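Enquirer: Here it is, the structure in full.
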Amino acid sequence: MKCVKWAIALFSLAFATVSVANVSIEMFQMNRQVGQLLNADSAEAFQQSTDKFIEAANQAKGKMPRSLNGDQNKFSGYQQGMQEVIDVVSQAKLLAEQGKLTEAKATVAQLNALKKLYHSEYK
């Protein structure tokens, strides 16, 4: 009986840790890709990083951060913020596709201000 209780407790702890870590993993991936974007030495490398960034951002957009405590109104705002971030990176990708790597990198640099804004509100 004690083994069952321990197993349930361990499973509950593991589940809680995973749900908290889910958005953190995507945020970490996004942050890593921003570095790749800013250091890209070709339009092709830049575009590959935008794809990875957008994939991670879309995954994060679909998950409610634990810090929102189930508040659907805040979650809606969080999702709008994530979409704004995705739109900036999509715009940068279009610039890179046109061979405008310097302008694409300048567009990505805007993400730092968005990160500060939305982290202060939703983190």
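For the sequence shown, the residue numbers in mature numbering (1 follows the signal peptide of the UniProt record, and there is no 0) are -21 to -1, 1 to 102.
The beta-carbon is built from N, C-alpha and C at its ideal position, and this holds for glycine as well.
Quick caveat, the model's predicted, so the values are computed rather than measured.
What three-state label does DSSP hand TYR97 in the structure shown?
Expert: Against the sequence shown, residue 97 aligns to sequence position 118. Three-state DSSP puts TYR97 in a helix.
Enquirer: Determine the burial state of PHE25: buried for a count of at least 16 other Cβ atoms within 10 Å of its Cβ, exposed for fewer.
Expert: Residue 25 sits at position 46 when you count from the first residue of the sequence shown. Buried: at least 16 other Cβ atoms inside 10 Å.
Enquirer: Thinking just about the alpha-carbon of each residue, which of MET9, HIS98, PHE32 is nearest to the one in ALA57?
Expert: On the sequence shown, residue 57 is found 78 positions in, with the first residue counted as 1. Rather than Ala, the amino acid found at residue 57 in this sequence is Tyr. For TYR57, the nearest C-alpha among the options comes from HIS98.
Enquirer: Leaving out the 5 sequence neighbours to the left and right, which residues in its chain are closer than 6 Å to THR29 when beta-carbon positions are compared?
Expert: For the purposes of this step, residue 29 is taken as the residue at position 50 of the sequence shown. Excluding residues within five positions, the ones whose Cβ falls inside 6 Å are VAL68, LYS72.
Enquirer: Tell whether a beta-carbon distance below 7 Å holds between ALA36 and ILE4.
Expert: Locating residue 36 in the sequence shown gives position 57, counting from the first residue. Locating residue 4 in the sequence shown gives position 25, counting from the first residue. Cβ atoms of ALA36 and ILE4: not closer than 7 Å.
Enquirer: DSSP on SER3, reduced to helix/strand/coil?
Expert: On the sequence shown, position 24 is the one that residue 3 refers to. Note: SER3 maps to helix in three-state DSSP.
Enquirer: Have a look at ASN52 and GLU82 and give me their C-alpha separation to the nearest angstrom.
Expert: Numbered from its first residue, the sequence shown carries residue 52 at position 73. Numbered from its first residue, the sequence shown carries residue 82 at position 103. Whole-angstrom Cα-Cα distance: 35 Å.
Enquirer: With a Cβ-Cβ cutoff of 7 Å, do residue 106 and LEU80 count as a contact?
Expert: Absent from the structure is residue 106, since the part of the chain shown begins at -21 and ends at 102.
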